[in-house]
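Chains as they are written, first to last, in the working numbering: chain A, 1 to 193; chain B, 194 to 639.
First up is the structure itself, then whatever we jot down about it.
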């Protein structure tokens, strides 16, 4: 019978909590093949489901924690980006203000230096803001942030549901598969955060 | 059961002995059987010096037309020569033959239970003709564990019987980790023919049909960009278009095979791409003219005589492929794919490899050392390597040009080593990952 995939959960743990994955492998030596990174689709024995459920539960707990961490980091970067953008826009506005035209009549040299420097600073802060909003690899950090927020919520919900659902419940395979899909999303975005 | 067979043998012995000069059924303890002098000399090469105890017995078997020739080195007490026999009977088994060669217990002093207990360890040298003969290919070797296949080069290679779904298959290890069915003619030259097929790293391409993030990462780490074909799993047409851009290359596919299809699932378990393995091979041969291997892990599949008991891990597959990339020829490629140690694989070539006019060949990939396996469950099949461009496709029937004989000619070494432009294959799998270093070094050094 086809078992729910856990390959992305295993990949997630391998990268973010290898100790946990090693512990799972140690606790379930007879299932070492499904606890190895890589995809191994296909039929599996019914007793594998219990192991897959445990892997999903531990993966979810780690996922919720990691999402929380990454959300903090990402939020900080986004705030810095907003600040940098604001400073840049202020500098650009000041640098182009007509007051420098007036000052130039009395202090032509100095006023031109100051105006140019402020404009340059504005441009630089704009670039910094742009850089801070970029995810690693060139994506949009805001999208990464939104995904992390969703993943955190989904992880908490799935974790709670799995914890209270009986091991023999018919919804377990679906919950494990959803956990796998969740970890896939995290595996894609976390390297970008 | 054994008793019935032994009783039958006793009758056979009596009948054959009584028949005396019958050309088709004869037991002989004279120096040799008239007309079978060549077989006698051939047998002597393998059975060695005469023996008087069971522990020293060796048996030689050869098929010639409608006749099975058997000879041992055992000299039955009271006679001067080892026993030889010829028979046209089918359905014989090794215990029957040995009982006839050794002689009845009143003569040989060896009881039936003793013989039955000893025969599994007796070395049996079976000429290739026994395995290929339409009449005797079903000869039952019973529980014999020391069967040697004598190829056309005279080399005795260990033959391995594998129980597979209730039936028994014989395979020969023609090179380390590489096996072929014993009924393929030309096993002796198979290794040389595979060696004559060159592989060039710059001509290899790799296509992944999996979404697994670990596998994707491993491919990026190990497979140089110039050896990869990026495919977004959007459509079959898009895949064919990408293949067409790599004309003349050898393309390896990594993906799961289910019921003859490469199927890609996303992380939620939803099918997002599907293409028939045959369709990919056809596209390779007819449309794109690329060489494509299809090495598929068979998940959820229960097909074929080889059975499919396990799937292959995709990251393992990438590492295997990477290891094999540095091979100079196809023999080395297969051996590198097989690997060594605990993770060793065994590759069994399909019988179409040498014996038919099919343009494709197939290698069943088994986990473990098949040479040590008792049943197929000990070395389960984990993947298949399809080779779509094994030989040029037969010419279409309406063609009037009779100059080409590729479609009809049996596979010969020179056919195999012919133009590599026809070296089109599709490799669909679940295995690969560790070899990029070699290529990276090579590329970096060039």
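For every residue, glycine included, the Cβ atom is placed at its ideal position computed from N, Cα and C.
Backbone secondary structure at residue i - three-state DSSP
i: residue 39(A); result: coil
i: residue 612(B); result: Interpretation of residue 612(B) is limited by its pLDDT of 27, a score under 50 that renders its predicted location unreliable; the figure taken from the coordinates is listed afterwards. Of the three classes helix, strand and coil, the one that applies to residue 612(B) here is coil, per DSSP.
i: residue 156(A); result: helix
i: residue 469(B); result: strand
i: residue 617(B); result: With a pLDDT of only 23 at residue 617(B), under the threshold of 50, the placement of this residue in the model should not be trusted; the figure read from the coordinates follows. Of the three classes helix, strand and coil, the one that applies to residue 617(B) here is coil, per DSSP.
i: residue 405(B); result: coil
i: residue 328(B); result: coil
i: residue 522(B); result: strand
i: residue 579(B); result: strand
i: residue 268(B); result: coil
i: residue 66(A); result: helix
i: residue 181(A); result: helix
i: residue 197(B); result: Residue placement at residue 197(B) is poorly supported in this model, since its pLDDT is 33, which falls under 50; the coordinates still yield a value, given next. DSSP places residue 197(B) in helix when its eight states are reduced to three.
i: residue 348(B); result: coil
i: residue 398(B); result: strand
i: residue 565(B); result: helix
i: residue 431(B); result: helix
i: residue 34(A); result: helix
Partners in chain B for residue i, counting only beta-carbon separations shorter than 7 Å
i: residue 223(A); result: Because chain A in this structure spans residues 1 to 193, residue 223(A) falls outside the shown range and cannot be described.
i: residue 38(A); result: 405, 407, 408, 506, 507, 508, 509
i: residue 4(A); result: 462
i: residue 181(A); result: 460, 461
i: residue 150(A); result: Simply none; closest approach about 15 Å.
i: residue 48(A); result: Chain B residues near residue 48(A): none, gap ~13 Å exceeds 7 Å.
Close-in-space but distant-in-sequence residues of the same chain around residue i (CB under 6 Å, 5 per side omitted)
i: residue 564(B); result: 353, 366
i: residue 602(B); result: At residue 602(B) the pLDDT is 30, less than 50, meaning the model places this residue with poor confidence and gives no usable figure here.
i: residue 256(B); result: 322, 323, 326, 329
i: residue 176(B); result: One cannot answer for residue 176(B) here, as it falls past the ends of chain B, which runs 194 to 639.
i: residue 51(A); result: 28, 31
i: residue 337(B); result: 287, 313, 317
i: residue 405(B); result: 507
i: residue 280(B); result: 218, 261
i: residue 575(B); result: 503, 505, 558, 560
i: residue 7(A); result: 39
i: residue 527(B); result: 371, 540
i: residue 429(B); result: 468
Own chain partners of residue i with C-beta closer than 7 Å, once the 5 adjacent residues on each side are dropped
i: residue 270(B); result: 300, 301, 302
i: residue 147(A); result: 185, 189
i: residue 296(B); result: 269, 276
i: residue 4(A); result: 52, 173, 176, 177, 180
i: residue 453(B); result: 469, 470, 471
i: residue 395(B); result: none
i: residue 194(A); result: Absent from the structure is residue 194(A), since the part of chain A shown begins at 1 and ends at 193.
i: residue 434(B); result: none
Identified DSSP bridge partners for residue i
i: residue 141(A); result: Paired residues: none, contrary to the question.
i: residue 260(B); result: 257(B)
i: residue 464(B); result: 458(B)
i: residue 250(B); result: Paired residue(s): none; residue 250(B) is not in a bridge.
i: residue 451(B); result: 454(B)
i: residue 319(B); result: 254(B), 342(B)
i: residue 294(B); result: Beta-bridge pairing links residue 294(B) to no other residue.
i: residue 539(B); result: 559(B)
i: residue 353(B); result: 364(B)
i: residue 391(B); result: 522(B)
i: residue 173(A); result: Note: residue 173(A) sits in no beta bridge, so no partner.
Neighbourhood of residue i by C-beta distance below 8 Å, restricted to the same chain and skipping five residues each side
i: residue 384(B); result: 367, 368, 371, 524
i: residue 147(B); result: Residue 147(B) falls outside the range modelled here, since chain B spans only 194 to 639, and no answer is possible.
i: residue 19(A); result: none
i: residue 165(A); result: 171, 172, 175
i: residue 331(B); result: 283, 284
i: residue 464(B); result: 456, 457, 458
Under 8 Å from the C-beta of residue i: neighbouring residues of chain B
i: residue 188(A); result: 406
i: residue 11(A); result: 405, 406, 407
i: residue 160(A); result: Simply none; closest approach about 20 Å.
Closer than 9 Å at the beta carbon, the chain B residues around residue i
i: residue 184(A); result: 404, 405, 406, 459, 460, 461
i: residue 169(A); result: Correct list: empty, because the minimum Cβ distance to chain B is about 18 Å.
Cβ-heavy atom distance, residue i to the ligand PLP, below 8 Å
i: residue 454(B); result: As for the ligand PLP, it is missing from this structure, which has no ligand bound.
Cβ pair count under 8 Å reaching 3, the segment 74-88 of chain A against the segment 102-117 of chain A: The way I'd put it, the segment 74-88 of chain A doesn't touch the segment 102-117 of chain A; fewer than three beta-carbon pairs between them come closer than 8 Å.
Cβ pair count under 8 Å reaching 3, the segment 344-351 of chain B against the segment 280-295 of chain B: With a cut-off of 8 Å, the segment 280-295 of chain B and the segment 344-351 of chain B do not count as touching, because too few Cβ pairs lie within range.
Touching by the beta-carbon criterion (3+ pairs, under 8 Å), the segment 431-446 of chain B and the segment 531-539 of chain B: Contact between the segment 431-446 of chain B and the segment 531-539 of chain B is absent, because fewer than three Cβ pairs lie under 8 Å.
The segment 373-381 of chain B touching the segment 389-403 of chain B, judged by at least three CB pairs closer than 8 Å: Too few Cβ pairs lie closer than 8 Å, so no.
Validate contact between the segment 84-91 of chain A and the segment 124-131 of chain A using beta carbons, cut 8 Å, 3 pairs: The segment 84-91 of chain A makes contact with the segment 124-131 of chain A: 3 or more CB pairs, one atom from each, lie closer than 8 Å.
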